[in-house]
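Chains as they are written, first to last, in the working numbering: chain A, 21 to 67; chain B, 28 to 550; chain C, 32 to 179. From the three backbone atoms N, C-alpha and C, an ideal C-beta is built for every residue, glycine too. All values reported here derive from a predicted model rather than from experimental measurement.
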Amino acid sequence: MGQDLTTLGLNLNSPENLYPAFGGPFSDQPCRPQDIDFHVPPEYMVN
Amino acid sequence: MEDPPGLISKTEYLLKDWVNIYHNQVLNRDPMKVFGMFVGKMNICGILKTDDLITRFFRQATQLCIDVVYTNINEVNTMPTMGKSKCFQWIDAFVRLIALLVKHSGDNGNATTKINLLNKVLGIVVGVLQQDQEVRGVAFQQLGYHRLFIMLFLELSNPEPVLENISLHEGLSQQTVTAFCHTYHLIRPCMAPGFCYSWLELISHRVFIGRVLAMIPQQKGWTMYSQLLMDLFKYLAPFLRNAELAKPVTLLYKGTLRVLLVLLHDFPEFLCDHHFGFCDAIPPNCIQMRNIILSAFPRNMRLPDPFTPNLKVDMLSEISTAPRIFTNYVSNIQPATFKKDLDSYLKARAPVTFLSELRGHLQVSNEPGSRYNIPLMNALVLYVGNQAITLIRSKNLVPNMTTIVHSAHMDIFQNLAVDLDNEGRYLFLNAVANQLRYPNSHTHYFSCVLLYLFVEANSEAIQEQITRVLLERLIVNRPHPWGLLITFIELIKNPVYKFWDHDFVHCAPEIEKLFESVARSCM
Amino acid sequence: PLGPSPLQKEHQLQFQMMEAAFYHLPTPSDCERLRTYQQRQPVQTPQHYPQNQLPHSDTVEFFQRLSPETLFFVFYYMEGTKAQYLAAKALKKQSWRFHTKYMMWFQRHEEPKIINEEYEQGTYIYFDYEKWGQRKKEGFTFEYKYLE
């Protein structure tokens, strides 16, 4: 019967593209905002 | 040839120095000044004197980073966060050095120097990876290479103020993507099976997908990406031919499904354009994975509900449009003499011997399960079908149960249906069913072909096999291609096919119930 | 009718390499910059805890509903990520301003006493990330060259 493809952790009904937050082929969760490296203004790199 | 004496110690000294610079945040305050001073040190060490020395430096430095991984591998496995952080401290610093050297090599206006250096470095890492895999075998660790490739790609993908004119930036980023696509093709799973999980991560990374499929103008990255997916399907194929999948295969297979679902959702036109090549590589028993690809349809297209009563498929505006096929499938029709005979038969329905020799060209062995040349079968079916559509169109007709018959093209299809054995006919019917996709001229024509072969079959075995080929594609979990649904609905609904009269429809209670449930959802 | 087909020698070798790699798979954090804080450490929580992200949790609108304290936490502990970027945008929408020299967020407590081309001066609330709390600062001069 194959897999139930709705259980692979992808929101297949999302109106937006999935790839920008795609968690990868072995992850059943999309990336959270804190997982996504972002080109922030250098001043934000406070650490 | 051996490295010149002292090179390894110089490389180690320079790399350690750079790692300190990178991690002491010194780099962040005035990156160009710090980088310039470090290049001065490299010069003093004579590293930049010749192309050969630069190459050796990069190979040594790569090896040093990989050695750090193996040195810390126990900690990586027991305390991943700590262990990996040690490895990544070195690798991330080395990557930044490579990225700065690439971006600032040659003068700013010249992307070629930069890309040449990038390709050199990527080639060096590939060489180290392949040698490492050969030497260590199952002890090979993918971690270091994984980190190197992805962080270098991300570094080079970051918007770069240095490269003033965007066109250079565009050009560089397009060539950067091309360089990485070539590199990933070189370390495809067939060549580096120990790297296959990382490889799938790398080619499906959100930034990489965005770059290759969305950012490069005019979809120029699509063909390169289709090549990488072909590499994946070819690697998986032998493992997927067996219904019971070993765990390592299941993981890679499920990962592939996730990537295909993202592509189906975000880039359906990409799957539409390259479906033919993918169906050549995907084993015929991978029904659901193939259905994902065949279910793709252009986003601007509205598909009528296949269950709409009295749906007039031939009235749909898109039904006469030929789909884009980006695979050069005609080149699979070999040998050239066969192609010549085929063309002459299509033109003049002669020589008649062509039909009786057809099976001989398609059958390549007597080994059950691999008797036939599948790419040739697929190419032959599509080529003959395409020729038929062109001929029908040239008479200002549309494909239907009248216009597709009594032609050289249908002779060939009927011959294949009658003359091949069970296995061959299954592959032939699959080649036809693989064209049942979204509303287009191929879906329409091949739907008529299947239905015609059913109604004209001279044995119930053929009708049963046509039903099986359609049914096995329908009973798997979604998605299901639109063209498959409308064909099956027509078969069970239109009394001209006498579908319900056949014994095989009632061969088992659950099969009968299944047909009835599909029938109910149609009525 | 194809049935299973036996693996050839080369596929068996490939399978051995793949199987070995199966025991040290890449993890999502292998593709992310090293995090000083908040590394990914998946922990199995009780099933009745929400296991998935809240819908739209990656939008500025969602971040605007968070308290300033939460936004400051995200800003200072998730640097270099999209979360930090969204937290900064949400703070600005709540009329906080980032001072690039003190690397702290300021908010006017009342209309400034002085405003000119270079700076404004008055009473501000600022968030002190060392003491982790909001403070009032009177007579502060906010030079525009430090306004991000």
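Query, Result
"For aspartate 44(B), is the beta carbon positioned less than 7 Å from some heavy atom of the ligand FMN?", "Among the components modelled here there is no ligand, and therefore nothing to report on the ligand FMN."
"State buried or exposed for glutamate 228(B), treating a residue as buried only when at least 16 other CB atoms are found within 10 Å of its CB.", "buried"
"Quick check for students: name the residue ranges of the alpha helix (DSSP H) that lie wholly in the segment 220-245 of chain B, counting only runs of 4 or more.", "223-230 and 233-236"
"Using DSSP's beta-bridge definition, name the partner residues of isoleucine 145(C).", "Gln152(C)"
"Can you confirm whether aspartate 293(B), when its beta carbon is compared against all beta carbons of chain E, has any partner nearer than 8 Å?", "No chain E is part of this structure, whose protein chains are labelled A, B and C."
"Around the C-beta of histidine 42(C), are 16 or more other C-beta atoms found within 10 angstroms, so that it is buried, or is it exposed?", "buried"
"Below 6 Å CB to CB, which residues in the same chain sit around arginine 71(C) once its five sequence neighbours on both sides are set aside?", "Ser60"
"According to DSSP, is leucine 97(C) part of a helix, a strand, or is it coil?", "coil"
"Under the assumption that valine 46(B) contacts glutamine 116(B) (Cβ atoms under 8 Å), give the Cβ distance between them as a whole number of angstroms.", "6 Å"
"My understanding is that tyrosine 39(A) touches arginine 233(B), with C-beta atoms under 8 Å, so please give their C-beta distance in whole angstroms.", "5 Å"
"Identify which residue in Tyr160(C), Thr76(C), Thr112(C) and Glu141(C) has its Cα closest to the Cα of cysteine 126(C).", "Correcting the residue identity first, residue 126(C) is serine in this sequence and not cysteine. Closest option to serine 126(C), Cα to Cα, is Glu141(C)."
"In whole angstroms, what separates the C-alpha of asparagine 192(B) from that of alanine 138(B)?", "At asparagine 192(B), the pLDDT of 47 sits below 50, so the modelled position is not reliable; the number obtained from the coordinates is stated separately. Their Cα atoms are separated by approximately 11 Å."
"Are the segment 281-299 of chain B and the segment 318-326 of chain B touching, with three or more C-beta to C-beta distances below 8 Å?", "yes"
"Less than 8 Å between the beta carbons of valine 391(B) and tyrosine 399(B), yes or no?", "yes"
"Rounded to a whole number of angstroms, what is the C-alpha to C-alpha distance between lysine 68(B) and glycine 33(B)?", "15 Å"
"What are the residues of the segment 84-98 of chain C that lie near chain B, defined by any Cβ-Cβ distance shorter than 9 Å?", "none"
"At a Cβ threshold of 8 Å, is glycine 110(B) touching chain C?", "no"
"Ordered along the chain, which non-local residues of its own chain (more than five positions away) have a Cβ less than 7 Å from that of serine 548(B)?", "Phe334"
"Nearest-angstrom Cα distance between asparagine 393(B) and arginine 268(B)?", "18 Å"
"Quick one: what does DSSP say threonine 348(B) is sitting in, helix, strand or coil?", "coil"
"If you reduce the DSSP assignment to three classes, tell me which class phenylalanine 58(A) lands in.", "coil"
"Is the shortest distance between the beta-carbon of threonine 76(C) and the beta-carbons of chain A less than 8 Å?", "no"
"Listing by chain order, which chain B residues have their CB less than 8 Å from the CB of histidine 130(C)?", "The premise fails here: histidine 130(C) is roughly 18 Å from chain B at the closest Cβ pair, so nothing lies under 8 Å."
"Taking glutamine 84(C) as the reference, give the member of Asn31(A), Met21(A) and Phe46(A) with the closest Cα.", "Asn31(A)"
"Output needed for leucine 102(C): all residues of its chain with C-beta closer than 7 Å, excluding positions within five of it in sequence on either side, in chain order.", "Phe94, Ala118, Ala121 and Leu122"
"Measuring alpha carbon to alpha carbon, tell me which residue in Cys208(B), Gln160(B) and Leu170(B) is nearest leucine 145(B).", "Cys208(B)"
"Does the distance from the CB of glutamate 345(B) to the CB of proline 508(B) come in under 8 Å?", "no"
"Establish whether the CB of proline 61(A) and some CB of chain B are separated by less than 8 Å.", "no"
"Looking only at DSSP bridge pairs, what is glycine 44(A) linked to?", "None; glycine 44(A) has no bridge partner."
"CB-CB under 6 Å to alanine 270(B), same chain, minus the five flanking residues each way: which ones, in chain order?", "none"
"Please say whether proline 53(A) and aspartate 89(C) have beta carbons closer to each other than 8 Å?", "yes"
"Rounding to the nearest angstrom, what Cα-Cα distance links valine 189(B) and tyrosine 108(C) in this structure?", "Caution applies to valine 189(B), whose pLDDT of 48 falls short of 50 and renders its modelled position unreliable; the value that the coordinates give is listed next. One C-alpha to the other measures close to 29 Å."
"Just the C-alpha distance for glutamine 414(B) and leucine 456(B), rounded to the nearest angstrom, thanks.", "18 Å"
"For asparagine 185(B), count the other beta carbons within 10 Å of its own beta carbon; 16 or more makes it buried, fewer makes it exposed. Which is it?", "exposed"
"Could you spell out the range, first to last residue, of the alpha helix (DSSP H) harbouring lysine 43(B)?", "34-50"
"Just by C-beta distance, which residues in the segment 58-71 of chain C are closer than 9 Å to chain A?", "Thr58, Pro59, Ser60, Cys62, Glu63, Arg64, Arg66, Thr67, Tyr68, Gln69 and Arg71"
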